[in-house]
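S.K.: Note that this note's numbering has the sequence shown beginning at 2, numbered continuously upward.
For glycine and all other residues, C-beta sits at the position ideal for the given N, C-alpha and C.
Because the structure is a prediction, the values reported are computed rather than measured.
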Amino acid sequence: MAITIQEIQKQWGISRATVYKHIKSGKLSRLPNNLIDIAEVLRVYGEPSKNTGRDKKAIALDSVESQENKLLLDKIAFLESQLVQAEKREDWLKGQFEKAQETIQLLEHKKTASPQPSKKGLFGRLIGAINND
Numbered sequence: 002m003a004i005t006i007q008e009i010q011k012q013w014g015i016s017r018a019t020v021y022k023h024i025k026s027g028k029l030s031r032l033p034n035n036l037i038d039i040a041e042v043l044r045v046y047g048e049p050s051k052n053t054g055r056d057k058k059a060i061a062l063d064s065v066e067s068q069e070n071k072l073l074l075d076k077i078a079f080l081e082s083q084l085v086q087a088e089k090r091e092d093w094l095k096g097q098f099e100k101a102q103e104t105i106q107l108l109e110h111k112k113t114a115s116p117q118p119s120k121k122g123l124f125g126r127l128i129g130a131i132n133n134d
């Protein structure tokens, strides 16, 4: 069974120039009727479903999708780094908040602690006894 170069181009997605280059280099051989034996094509290019069968639009679409995927992966990596930085800031702020609470508790404890009576001398005690303090 034989196949045309145009059919090779459509089914395998290989350009005409490549097919002609392979014929010229001896990788592919033509039959006397200028067709190419399908066995030769299968030997050189493999099964058509394995290689391609997609048109140029599908290949271009894949290229655009891969660029979009790369862009999205870059955005994900950036957002993950931002998340790590935000978590570090949150931990630091929690530490500051805990220190402030400890300081407030110490200040409140000092206020509630009973003031120690000041030592009075003889004259102070006499005045206090007169005033009934």
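How long is the line joining the alpha carbons of Leu127 and Glu109, rounded to whole angstroms?
M.R.: As a working mapping, residue 127 is identified with position 126 in the sequence shown. As a working mapping, residue 109 is identified with position 108 in the sequence shown. Spanning the two alpha carbons is a distance of roughly 35 Å.
S.K.: Measure the C-alpha to C-alpha separation of Lys76 and Ser82 and round it to an integer number of angstroms.
M.R.: The residue labelled residue 76 in the question sits at position 75 within the sequence shown. The residue labelled residue 82 in the question sits at position 81 within the sequence shown. Cα-Cα distance, rounded: 10 Å.
S.K.: Three-state secondary structure (DSSP) at Ile15?
M.R.: Here the question's residue 15 lines up with position 14 in the sequence shown. Three-state result, Ile15: coil.
S.K.: Is it true that the region 34–42 meets the region 2–9, where meeting means three or more beta-carbon pairs spaced less than 8 Å apart?
M.R.: The region 34–42, when compared against the region 2–9, does touch it at the 8 Å Cβ threshold.
S.K.: Identify, in the order they occur along the chain, each residue of the same chain with its Cβ nearer than 7 Å to the Cβ of Gly96, setting aside the five sequence neighbours on each side.
M.R.: Residue mapping note: residue 96 aligns to position 95 of the sequence shown, counting from 1. Hits under 7 Å: none found.
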